[in-house]
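Student: Please see the structure below; I have some questions.
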Amino acid sequence: MSTATVPDTFDQQTESRWAVETHGLTKRFGENVAVNNVELLVPRGCAFGYLGPNGAGKTTLIRVLLGLTHADAGTMSLLGYPVPKHRDLALARVGAIVDEPRFHGHLTGRQNLQILAAAREPAARDRIGPALERVGILQRANDKVSKYSMGMRQRLGVAACLIGDPELLILDEPMNGLDPAGMADMREMIISLVAEGRTVVLSSHLLDEVERTCDAVAIVDRGKVVRQGPISELLAGATLALQIECSEPDRARSLIDATRIGAHIEVGSLGLGISLPAGTTRDVIAEINRVLVEGGISVYRLQEIQASLESWFLQVTSRLGAPE
Amino acid sequence: MRTPSPATASVATVPADAAGDHRGSPIPTGAMIATRFMELRKRRGLMIALILVNIGIPTVFLVVRLLAHAIAPKSYGPAGGYDIYTGLCTGVLYVFGFIVAATLGCTAGSVDLTEGMFRHLVVTGRSRLALYLARIPAGLAIVVPLVAAGFIIVCSVCVFAAPTRLNYDGTNVPAGLSRAGFETWAGNHPDTVICDFPYNGPGLPNVPCGPNGTIINAQGSQGPGQATVTPAQLKAAAILIARQDYTNYSSDFLYPSDSLMIRTGLWIELEAVIGFIVGLGLASLLGQRTVPVILMIVLEIILTPLLSRARIAHLLNLQRSVVGVAMAHLTPGGLPVFGGGGGGPGGGQGNPLLVPESITWAVLVIIAWLVGWTVLGAWRMMTRDA
Numbered sequence: 101m102s103t104a105t106v107p108d109t110f111d112q113q114t115e116s117r118w119a120v121e122t123h124g125l126t127k128r129f130g131e132n133v134a135v136n137n138v139e140l141l142v143p144r145g146c147a148f149g150y151l152g153p154n155g156a157g158k159t160t161l162i163r164v165l166l167g168l169t170h171a172d173a174g175t176m177s178l179l180g181y182p183v184p185k186h187r188d189l190a191l192a193r194v195g196a197i198v199d200e201p202r203f204h205g206h207l208t209g210r211q212n213l214q215i216l217a218a219a220r221e222p223a224a225r226d227r228i229g230p231a232l233e234r235v236g237i238l239q240r241a242n243d244k245v246s247k248y249s250m251g252m253r254q255r256l257g258v259a260a261c262l263i264g265d266p267e268l269l270i271l272d273e274p275m276n277g278l279d280p281a282g283m284a285d286m287r288e289m290i291i292s293l294v295a296e297g298r299t300v301v302l303s304s305h306l307l308d309e310v311e312r313t314c315d316a317v318a319i320v321d322r323g324k325v326v327r328q329g330p331i332s333e334l335l336a337g338a339t340l341a342l343q344i345e346c347s348e349p350d351r352a353r354s355l356i357d358a359t360r361i362g363a364h365i366e367v368g369s370l371g372l373g374i375s376l377p378a379g380t381t382r383d384v385i386a387e388i389n390r391v392l393v394e395g396g397i398s399v400y401r402l403q404e405i406q407a408s409l410e411s412w413f414l415q416v417t418s419r420l421g422a423p424e
Numbered sequence: 444m445r446t447p448s449p450a451t452a453s454v455a456t457v458p459a460d461a462a463g464d465h466r467g468s469p470i471p472t473g474a475m476i477a478t479r480f481m482e483l484r485k486r487r488g489l490m491i492a493l494i495l496v497n498i499g500i501p502t503v504f505l506v507v508r509l510l511a512h513a514i515a516p517k518s519y520g521p522a523g524g525y526d527i528y529t530g531l532c533t534g535v536l537y538v539f540g541f542i543v544a545a546t547l548g549c550t551a552g553s554v555d556l557t558e559g560m561f562r563h564l565v566v567t568g569r570s571r572l573a574l575y576l577a578r579i580p581a582g583l584a585i586v587v588p589l590v591a592a593g594f595i596i597v598c599s600v601c602v603f604a605a606p607t608r609l610n611y612d613g614t615n616v617p618a619g620l621s622r623a624g625f626e627t628w629a630g631n632h633p634d635t636v637i638c639d640f641p642y643n644g645p646g647l648p649n650v651p652c653g654p655n656g657t658i659i660n661a662q663g664s665q666g667p668g669q670a671t672v673t674p675a676q677l678k679a680a681a682i683l684i685a686r687q688d689y690t691n692y693s694s695d696f697l698y699p700s701d702s703l704m705i706r707t708g709l710w711i712e713l714e715a716v717i718g719f720i721v722g723l724g725l726a727s728l729l730g731q732r733t734v735p736v737i738l739m740i741v742l743e744i745i746l747t748p749l750l751s752r753a754r755i756a757h758l759l760n761l762q763r764s765v766v767g768v769a770m771a772h773l774t775p776g777g778l779p780v781f782g783g784g785g786g787g788p789g790g791g792q793g794n795p796l797l798v799p800e801s802i803t804w805a806v807l808v809i810i811a812w813l814v815g816w817t818v819l820g821a822w823r824m825m826t827r828d829a
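So, in structure tokens, the structure goes:
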């Protein structure tokens, strides 16, 4: 973890490598520590997933970052601007959805965006049309928001982010309420936003979507960031799983146990399910196969199960949840 | 999947202020005010209700009077006139203008929060103080014309449908007479003046009045226990009465003067501005609309009339600090004080029915309410979790 300090001067903004940088960030609600000494570094120009189970403190951290509520301790910066000191400058380049996007129901989608554009720079007004078109609700832009579905309000929320031409987008559960096609559209849009050089921080519990969309993630649990980094690197540290279909599964298990490679083996209806310790090389797989064949076991299928973000997430969070 | 690599984004990195944005400035932009105005104006149900209360009620009242007078002029007097004007201004426009303005202020002060828009606005980085202050001109741009529209309707009807003769103490008298003219008219109508006009003093002949307001046995006749009264004596008595009544007569008009209408209009608008600003601050402080609206109505129609009249020795200064009491002291001369009583050339000023308060103190109280509630509302908005 970097120990870089948050830049304190305006000039340092362009030098900062990080879109989001926090050190020791803490937010308490009475006795409950919702954000606990968080050290977070989000690189610029990538899609960054911020994952955690319900109640882990994801939304609270976002609210603190955006100045919607104050931090009790720690420092933070957005796009190199220290906040809350230069909050106005930082947020001028940030677009965000926090929680469920809600708008004035008696106004149309376009009118709601006009209100938000008026609070931004004058050029924001010219971006309303393109933003509505980009999120796919231009045809319904003149309908009242009270007639919008949840998915349409999500899209309007993203459009509200885009009218500021943001360098950093912070999206809290943007897939909520979207149908499969809408989720695919959102995924493509996030990818295209990153391709334009923007940074997207995606808070979600939809691990599959995060894995398909993001380059790097941070896992938060009970207010603390417990892992962060590029997904590929994080998954490289996950356990290796094998699925083996063979004859005589019980004897096969005994043979593998005898090799003392530290595998966790379960015998199921499909054969053997084997979990190998993190860092196990692929040579071990070949060794298992050799032991079984030399032991007279007929191996019908041997498959390496690719570690997914979901399985890794469950490993991390379940380990955290176990009593120490 | 792309490999994450820290890199300076290719999108614009020009600081907002470098583009003349002044996002941290507490001064709202014209666009912010305009869109806030739009947001309030588009609340169709609220707008209809406000228009009905502030314009509809006096309009319906005046239309009914116009129709009644047109159909049966002997039974129903003219729709307009000075008395109708004072009654509508003090009893309807002043009170309803305040309530309408307070309702709009409470709406403006709370809906961003309750409808989830406040969070979007804060995330723009715009100064929260600017977000609050933008509501004031936007709301007043609705309240002031709305109150003005109701007031103009009342003024128009009261001037153009005013009676042609002044009704003084139940008697038709020519309007706008000078003191000498009034005395001359009285000398020519001794029966009416002696029998119908109020008089408090000595020097009148003891003459009985008939049921139709004429003097019985006046022409030199002598009734039981009565001295002979000559026409000259009756004329002198009428002039004496007229001399005493001239002050009261001169405060009655066929219709309100331009000066009174201007002063009344400004007074009603000031009351509406107070209602809006206080409602805005209170709703922003409490973060909701319903309770502040109820509190404002209670303040206007229950607390203010009570506190402006009940003289509680130990609470006099507290009573003086109520904005409604201060406004009562600014009631224009010629209008009755809200809640009944008073009136006359002094208006609320020096009115014996009111808790005593100097004009300077009243003005200071009003300014304190306007500034105080704005500060409270803005402070809460700036410190509130979004």
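Those sequence lines, one after another, are chains Y and G.
Last residue of the first sequence: 424 in the numbering used here, with the numbers rising by one and none dropped.
Last residue of the second sequence: 829 in the numbering used here, with the numbers rising by one and none dropped.
The C-beta atom is built at its ideal place from N, Cα and C for all residues, glycine as well.
The model shown is predicted, which means the values in this text are computed figures rather than measured ones.
Let's test the definition: count the other Cβ atoms within 10 Å of the Cβ of Y/Arg-227 and tell me whether it reaches 16, buried, or not, exposed.
Tutor: For this step, residue 227 of chain Y is matched to residue 127 along the first sequence. Taking all protein chains in view, the Cβ of Y/Arg-227 is crowded by 16 or more other Cβ atoms within 10 Å, so the residue is classified as buried.
Student: Terminal residues of the continuous alpha helix (DSSP H) containing Y/Cys-261?
Tutor: The residue you call residue 261 of chain Y lines up with position 161 of the first sequence. Residues 250-262.
Student: State the CB to CB distance for the pair G/Ile-579 and G/Ala-629, rounded to an integer number of angstroms; the pair is presumed to be in contact (CB under 8 Å).
Tutor: Locating residue 579 of chain G in the second sequence gives position 136, counting from the first residue. Locating residue 629 of chain G in the second sequence gives position 186, counting from the first residue. About 54 Å; that fails the 8 Å criterion.
Student: Between the Cα of G/Pro-521 and the Cα atoms of G/Leu-483, G/Ala-605, G/Pro-775 and G/Arg-479, which residue gives the shortest distance?
Tutor: Numbered from 1 along the second sequence, position 78 holds the residue referred to as residue 521 of chain G. Nearest of G/Leu-483, G/Ala-605, G/Pro-775 and G/Arg-479 to G/Pro-521, Cα basis: G/Ala-605.
Student: Give me the Cβ distance between Y/Gly-362 and Y/Ile-344, rounded to the nearest whole Å; I'm assuming they're in contact under 8 Å.
Tutor: Numbered from its first residue, the first sequence carries residue 362 of chain Y at position 262. Numbered from its first residue, the first sequence carries residue 344 of chain Y at position 244. Not a contact, Cβ separation roughly 17 Å.
Student: Does DSSP put G/Gly-783 in a helix, in a strand, or in coil?
Tutor: Numbered from 1 along the second sequence, position 340 holds the residue referred to as residue 783 of chain G. Summary for G/Gly-783: the model assigns pLDDT 48, below 50, so the residue's position carries little reliability; its value from the coordinates is reported in the next sentence. Note: G/Gly-783 maps to coil in three-state DSSP.
Student: Taking G/Thr-472 as the query, report the chain Y residues whose CB atoms sit under 7 Å from its CB, ordered along the chain.
Tutor: Working through the second sequence from its first residue, we reach residue 472 of chain G at position 29. For G/Thr-472, the neighbours in chain Y by C-beta distance under 7 Å run, in chain order, Ala-218.
Student: Mind listing which residues of the region 487-505 of chain G have their C-beta closer than 8 Å to chain Y's C-betas, in chain order?
Tutor: Arg-487
Student: Counting only Cβ pairs nearer than 7 Å, list the residues of chain G close to Y/Gln-403.
Tutor: If you number the first sequence from 1, residue 403 of chain Y lands on position 303. Those within 7 Å of Y/Gln-403 in chain G number zero; the least Cβ separation is about 22 Å.
Student: Could you tell me whether any Cβ in chain Y is nearer than 8 Å to the Cβ of G/Asp-828?
Tutor: Along the second sequence, one-based indexing puts residue 828 of chain G at 385. At least one chain Y Cβ lies under 8 Å of G/Asp-828.
Student: If you drop the 5 nearest sequence neighbours on each side, which residues of the same chain put their C-beta closer than 6 Å to that of G/Arg-479?
Tutor: Looking up residue 479 of chain G in the second sequence gives position 36. Excluding sequence neighbours, G/Arg-479 sits near Ala-577, Arg-578 and Ala-581.
Student: Residues bridged to Y/Asp-321 by DSSP?
Tutor: As a first step, residue 321 of chain Y must be located in the first sequence, where it is residue number 221. Residue pairing by DSSP places Y/Asp-321 opposite Y/Lys-324 in a beta bridge.
Student: Mark Y/Lys-158 as exposed unless 16 or more other C-beta atoms lie within 10 angstroms of its C-beta, in which case mark it buried.
Tutor: Here residue 158 of chain Y refers to the residue found at position 58 when the first sequence is read from its first residue. Answer is buried; the Cβ neighbour count reaches 16.
Student: Does the region 710-730 of chain G touch the region 632-644 of chain G, meaning 3 or more C-beta pairs lie closer than 8 Å?
Tutor: no
Student: Given a cut-off of 8 Å, decide if G/Arg-562 and G/Ala-829 are closer than it, judged by their beta-carbon atoms.
Tutor: Working through the second sequence from its first residue, we reach residue 829 of chain G at position 386. Working through the second sequence from its first residue, we reach residue 562 of chain G at position 119. Cβ atoms of G/Ala-829 and G/Arg-562: closer than 8 Å.
Student: What did DSSP end up calling G/Leu-819 once you bin it into helix, strand or coil?
Tutor: In the second sequence, residue 819 of chain G corresponds to position 376, counting from 1. Note: G/Leu-819 maps to helix in three-state DSSP.
Student: Classify Y/Tyr-400 as helix, strand or coil using the three-state DSSP reduction.
Tutor: Your numbering for residue 400 of chain Y matches position 300 in the first sequence. Three-state DSSP puts Y/Tyr-400 in a strand.
Student: Show which residues of chain G have a CB atom less than 8 Å away from the CB atom of Y/His-206.
Tutor: Counting from 1 along the first sequence, the entry for residue 206 of chain Y is found at position 106. At a C-beta separation below 8 Å, Y/His-206 has these neighbours in chain G: Lys-485, Arg-486 and Arg-487.
Student: Checking the sheet assignment: what are the DSSP bridge partners for Y/Ile-344?
Tutor: For this step, residue 344 of chain Y is matched to residue 244 along the first sequence. In DSSP, Y/Ile-344 forms a bridge with Y/Leu-372 and Y/Leu-402.
Student: Can you confirm whether Y/Phe-413, when its beta carbon is compared against all beta carbons of chain A, has any partner nearer than 8 Å?
Tutor: The displayed structure is made up of protein chains Y and G, and chain A is not among them.
Student: Please confirm if the region 534-551 of chain G is in contact with the region 161-171 of chain Y, defined as three or more CB-CB distances below 8 Å between the two stretches.
Tutor: Result no; under three Cβ-Cβ pairs closer than 8 Å.
Student: Please go through the region 615-651 of chain G and give each complete alpha helix (DSSP H) segment of 4 or more residues, from N-terminal end onward.
Tutor: Residue ranges of uninterrupted alpha helix (DSSP H) with 4 or more members, entirely inside the region 615-651 of chain G and ordered along the chain, are 622-631 and 633-639.
Student: With distances taken from CA atoms, which of G/Pro-775, G/Ala-551 and G/Pro-501 is nearest G/Tyr-703?
Tutor: Position 260 of the second sequence, counting from 1, holds the residue named residue 703 of chain G. For the record, residue 703 of chain G in the displayed sequence is Leu; it is not Tyr. Relative to G/Leu-703, the option among G/Pro-775, G/Ala-551 and G/Pro-501 whose CA is nearest is G/Pro-775.
Student: Quick check: Y/Val-142 and Y/Val-301, are their CB atoms within less than 8 Å of each other?
Tutor: Within the first sequence, residue 142 of chain Y is the residue found at index 42, counting from 1. Within the first sequence, residue 301 of chain Y is the residue found at index 201, counting from 1. Yes, the Cβ-Cβ distance between Y/Val-142 and Y/Val-301 is below 8 Å.
Student: Given Y/Leu-355, which residues of its chain have a CB within under 8 Å of its CB, disregarding the five upstream and five downstream residues?
Tutor: Taking the first residue of the first sequence as 1, we reach residue 355 of chain Y at position 255. These residues qualify, in order along the chain: Val-391, Leu-392, Gly-395 and Ile-397.
Student: Within 10 angstroms of the Cβ of Y/Ile-237, are there 16 or more other Cβ atoms? Answer buried if so, exposed if not.
Tutor: Within the first sequence, residue 237 of chain Y is the residue found at index 137, counting from 1. So Y/Ile-237 ends up on the buried side.
Student: Residues bridged to G/Val-535 by DSSP?
Tutor: Numbered from its first residue, the second sequence carries residue 535 of chain G at position 92. Answer is none; G/Val-535 lacks a bridge partner.
Student: Between the region 476-490 of chain G and the region 204-214 of chain Y, do three or more beta carbon pairs fall short of 8 Å?
Tutor: Output reads yes: the region 204-214 of chain Y touches the region 476-490 of chain G.
Student: Do we get a CB-CB distance below 8 Å when we pair Y/Ile-237 with the residues of chain G?
Tutor: For this step, residue 237 of chain Y is matched to residue 137 along the first sequence. Judged by the 8 Å Cβ criterion, Y/Ile-237 is not in contact with chain G.
Student: Give the residues of chain G in contact with Y/Gln-254, contact being defined as C-beta atoms less than 9 Å apart.
Tutor: For the purposes of this step, residue 254 of chain Y is taken as the residue at position 154 of the first sequence. What Y/Gln-254 touches in chain G: nothing, since even the nearest Cβ is about 13 Å away.
Student: Quick one: does G/Leu-556 have its CB under 8 Å from some CB of chain Y?
Tutor: Against the second sequence, residue 556 of chain G aligns to sequence position 113. Chain Y contact via Cβ: absent.
Student: Work out the CA separation of Y/Asp-350 and Y/Gly-368 for me, nearest whole Å.
Tutor: For this step, residue 368 of chain Y is matched to residue 268 along the first sequence. For this step, residue 350 of chain Y is matched to residue 250 along the first sequence. Going from the Cα of Y/Gly-368 to the Cα of Y/Asp-350 covers about 10 Å.
Student: Check for me: the beta strand (DSSP E) holding Y/Phe-129 runs from which residue to which?
Tutor: In the first sequence, residue 129 of chain Y corresponds to position 29, counting from 1. Counting along the chain, the beta strand (DSSP E) containing Y/Phe-129 begins and ends at 118-129.
Student: Name the chain G residues that come within less than 8 Å of Y/Phe-203, Cβ to Cβ?
Tutor: One-based indexing of the first sequence puts residue 203 of chain Y at position 103. Per Cβ cutoff of 8 Å: Glu-558, Gly-559, Met-560 and His-563.
Student: Can you tell me where the beta strand (DSSP E) holding Y/Asn-137 begins and where it ends?
Tutor: On the first sequence, position 37 is the one that residue 137 of chain Y refers to. Run containing Y/Asn-137: 132-143, per the beta strand (DSSP E) assignment.
Student: The alpha helix (DSSP H) that contains G/Ser-693, what's its start and end?
Tutor: By one-based count along the second sequence, residue 693 of chain G stands at place 250. Run containing G/Ser-693: 674-693, per the alpha helix (DSSP H) assignment.
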